[in-house]
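The next block holds one structure in the form of structure tokens; read it before the comments.
There are 2 protein chains.
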Amino acid sequence: MTAVSLDFGDDGLVPVVAQDVETGDVVMLAYANEEAVAKTRETGRAHYYSRSRDELWEKGATSGHTQAVEEVRVDCDGDALLYRIDQTGGACHTGYRSCFYRTLDGEEVGERVFDPDDVYE
Amino acid sequence: MTAVSLDFGDDGLVPVVAQDVETGDVVMLAYANEEAVAKTRETGRAHYYSRSRDELWEKGATSGHTQAVEEVRVDCDGDALLYRIDQTGGACHTGYRSCFYRTLDGEEVGERVFDPDDVYE
Numbered sequence: 253m254t255a256v257s258l259d260f261g262d263d264g265l266v267p268v269v270a271q272d273v274e275t276g277d278v279v280m281l282a283y284a285n286e287e288a289v290a291k292t293r294e295t296g297r298a299h300y301y302s303r304s305r306d307e308l309w310e311k312g313a314t315s316g317h318t319q320a321v322e323e324v325r326v327d328c329d330g331d332a333l334l335y336r337i338d339q340t341g342g343a344c345h346t347g348y349r350s351c352f353y354r355t356l357d358g359e360e361v362g363e364r365v366f367d368p369d370d371v372y373e
Numbered sequence: 253m254t255a256v257s258l259d260f261g262d263d264g265l266v267p268v269v270a271q272d273v274e275t276g277d278v279v280m281l282a283y284a285n286e287e288a289v290a291k292t293r294e295t296g297r298a299h300y301y302s303r304s305r306d307e308l309w310e311k312g313a314t315s316g317h318t319q320a321v322e323e324v325r326v327d328c329d330g331d332a333l334l335y336r337i338d339q340t341g342g343a344c345h346t347g348y349r350s351c352f353y354r355t356l357d358g359e360e361v362g363e364r365v366f367d368p369d370d371v372y373e
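Protein chains in written order, with this note's numbering: chain A, 253 to 373; chain B, 253 to 373.
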């Protein structure tokens, strides 16, 4: 399916880092199975596999905060992906542009771009 | 230990994205256990947990290609970390600055910064 072969491991998943191509920000880390990678390439929109809901998941299908995927990169071992994306709205369900909006010490370093109450019912 | 509590999951690990603070490049994805996070904070140098060698691992201990950690960020769910680092040399054992040096189609997009034969015996 891809020129570089992927190692989906025992659980059939690879971790995926999503990076905003404009700002360079790392906006989220999620997981993809083979189908999610195929759908991402087919549609140009980021797809993942939700481990909690146990299903294929198109980012932004509910919120409208989709990710247009400009490029998919793979790491040296073929067991991690980097989606280089153009993010509509915010990537995080909490309303922040990036899920990595805090330091370990709890300092807020990210920007809130929407109110989740307005987006999710 | 940290103001934001971490979810190390069933295997005691969290995925860690390492991002170069100067270039914004995502240079690698690895894993950390609680000890690796503590060592990283204590020393200011990136520590991970090697799943293949089953041991704590200081990045660059062999190669000299250490990562000075400026900041550790945590994601919304507390189950992924972002090390914001200053990379000495290259992050990848193949000699590239970033482990994500190829697209899924096999196109080389990364820069090679050292010859692994000179670094690893």
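All C-beta atoms, glycine included, are put in the ideal place defined by N, C-alpha and C.
| Closest by CA to serine 357 of chain B, which one among A/Gly264, A/Glu322 and A/Tyr301? | To locate residue 357 of chain B, count along the second sequence from 1; it is residue 105. Checking the sequence, you will find aspartate at residue 357 of chain B rather than serine. Minimum Cα distance to aspartate 357 of chain B is reached at A/Glu322.
| field | Residue-level contact to chain B via CB, arginine 354 of chain A, 9 Å cutoff | value | Stepping through the first sequence from its first residue, residue 354 of chain A is reached at position 102. It does; some Cβ of chain B falls within 9 Å.
| request: Flag alanine 298 of chain B as yes if its beta-carbon sits less than 9 Å from any beta-carbon of chain A, otherwise no. | output: Here residue 298 of chain B refers to the residue found at position 46 of the second sequence. So no, alanine 298 of chain B is outside the interface.
| request: May I ask which residues mark the beginning and end of the beta strand (DSSP E) holding aspartate 272 of chain B? | output: Locating residue 272 of chain B in the second sequence gives position 20, counting from the first residue. Per DSSP, aspartate 272 of chain B belongs to the beta strand (DSSP E) from 266-272.
| field | Outcome for tyrosine 372 of chain B when other beta-carbon atoms lying within 10 angstroms are tallied against a minimum of 16 | value | One-based indexing of the second sequence puts residue 372 of chain B at position 120. Exposed, since its Cβ has fewer than 16 Cβ neighbours within 10 Å.
| message | Against threonine 346 of chain A, what residues of chain B qualify as contacts under a CB-to-CB distance less than 9 Å, listed in chain order? | response | For the purposes of this step, residue 346 of chain A is identified with residue 94 of the first sequence, where counting begins at 1. Chain B residues near threonine 346 of chain A: Cys328.
| message | Could you check whether the region 265-280 of chain A touches the region 333-346 of chain A, counting it as contact only if at least three pairs of C-beta atoms, one from each stretch, sit closer than 8 Å? | response | Counting Cβ pairs under 8 Å, three or more are found: they touch.
| request: Show which residues of chain B have a CB atom less than 8 Å away from the CB atom of valine 273 of chain A. | output: Against the first sequence, residue 273 of chain A aligns to sequence position 21. Those within 8 Å of valine 273 of chain A in chain B number zero; the least Cβ separation is about 10 Å.
| Under 8 Å Cβ-Cβ, which residues of chain B neighbour glycine 341 of chain A? | For the purposes of this step, residue 341 of chain A is taken as the residue at position 89 of the first sequence. Per Cβ cutoff of 8 Å: no residues; glycine 341 of chain A is ~15 Å from chain B at best.
| field | Three-state secondary structure (DSSP) of aspartate 262 of chain A | value | Numbered from 1 along the first sequence, position 10 holds the residue referred to as residue 262 of chain A. Three-state DSSP puts aspartate 262 of chain A in coil, outside helix and strand.
| query | Between the C-alpha atoms of proline 267 of chain B and aspartate 370 of chain A, what's the straight-line distance to the nearest angstrom? | reply | What you label residue 267 of chain B is simply residue 15 of the second sequence in a count that begins at 1. What you label residue 370 of chain A is simply residue 118 of the first sequence in a count that begins at 1. When rounded, the distance between both Cα atoms is 31 Å.
| request: Report the neighbours of aspartate 357 of chain A on chain B: residues whose CB is nearer than 8 Å to its CB, in chain order. | output: In the first sequence, counting from the first residue as 1, residue 357 of chain A sits at position 105. Per Cβ cutoff of 8 Å: Thr254, Ala255 and Val256.
| Separation of valine 365 of chain A from glutamate 287 of chain A, as counted between CA atoms | To locate residue 287 of chain A, count along the first sequence from 1; it is residue 35. To locate residue 365 of chain A, count along the first sequence from 1; it is residue 113. Going by the C-alpha atoms only, they are around 30 Å apart.
| Rounded to a whole number of angstroms, what is the C-alpha to C-alpha distance between glutamate 310 of chain A and aspartate 331 of chain A? | Against the first sequence, residue 310 of chain A aligns to sequence position 58. Against the first sequence, residue 331 of chain A aligns to sequence position 79. One C-alpha to the other measures close to 21 Å.
| task | Could you check the C-alpha separation between aspartate 329 of chain B and serine 302 of chain A for me, to the nearest Å? | result | Here the question's residue 329 of chain B lines up with position 77 in the second sequence. Here the question's residue 302 of chain A lines up with position 50 in the first sequence. Distance between the alpha carbons of aspartate 329 of chain B and serine 302 of chain A is about 13 Å.
| query | How about arginine 305 of chain B: is its C-beta nearer than 9 Å to some C-beta of chain A? | reply | Sequence index remark: in the second sequence, residue 305 of chain B carries index 53 (1-based). False, the Cβ-Cβ gap to chain A never drops below 9 Å.
| query | Does any residue of chain B bring its CB to less than 9 Å from the CB of glutamate 323 of chain A? | reply | Working through the first sequence from its first residue, we reach residue 323 of chain A at position 71. Cβ-Cβ to chain B under 9 Å: yes for glutamate 323 of chain A.
| According to DSSP, residues forming a beta bridge with tyrosine 335 of chain A | Along the first sequence, one-based indexing puts residue 335 of chain A at 83. Tyrosine 335 of chain A is bridged to A/Ala270 and A/Val324.
| CA-to-CA distance, tyrosine 353 of chain B to proline 368 of chain B, given in whole angstroms | Within the second sequence, numbered from 1, the residue matching residue 368 of chain B stands at position 116. Within the second sequence, numbered from 1, the residue matching residue 353 of chain B stands at position 101. In a straight line, the C-alpha of proline 368 of chain B is about 15 Å away from that of tyrosine 353 of chain B.
| query | Is the beta carbon of arginine 297 of chain B sitting closer than 9 Å to the one on threonine 318 of chain B? | reply | By 1-based counting over the second sequence, the position of residue 297 of chain B is 45. By 1-based counting over the second sequence, the position of residue 318 of chain B is 66. A contact, by the Cβ cut-off of 9 Å.
| request: Under 8 Å Cβ to Cβ from glycine 316 of chain B, same chain only, skipping five residues before and after it: list those, please. | output: Along the second sequence, read from residue 1 onward, the residue named residue 316 of chain B stands at position 64. Counting only residues of its own chain and dropping the five nearest sequence neighbours on each side, glycine 316 of chain B has a CB closer than 8 Å to the CB of Thr340, Gly341 and Val371.
| field | Classification of glycine 261 of chain A by the beta-carbon crowding that lies within 10 angstroms, buried from 16 upward | value | Residue numbering aside, residue 261 of chain A sits at position 9 when the first sequence is read from its first letter. Its Cβ having fewer than 16 others within 10 Å, glycine 261 of chain A is exposed.
| If leucine 258 of chain B sits next to valine 326 of chain B, beta carbons under 8 Å apart, how far is it from one beta carbon to the other, in whole angstroms? | What you label residue 258 of chain B is simply residue 6 of the second sequence in a count that begins at 1. What you label residue 326 of chain B is simply residue 74 of the second sequence in a count that begins at 1. About 7 Å separates the two Cβ atoms, so the contact holds.
| task | Assuming isoleucine 337 of chain A and alanine 270 of chain A form a contact by the criterion Cβ under 8 Å, report the distance between their Cβ atoms to the nearest whole angstrom. | result | Against the first sequence, residue 337 of chain A aligns to sequence position 85. Against the first sequence, residue 270 of chain A aligns to sequence position 18. Rounded, the Cβ-Cβ distance is 5 Å, consistent with contact.
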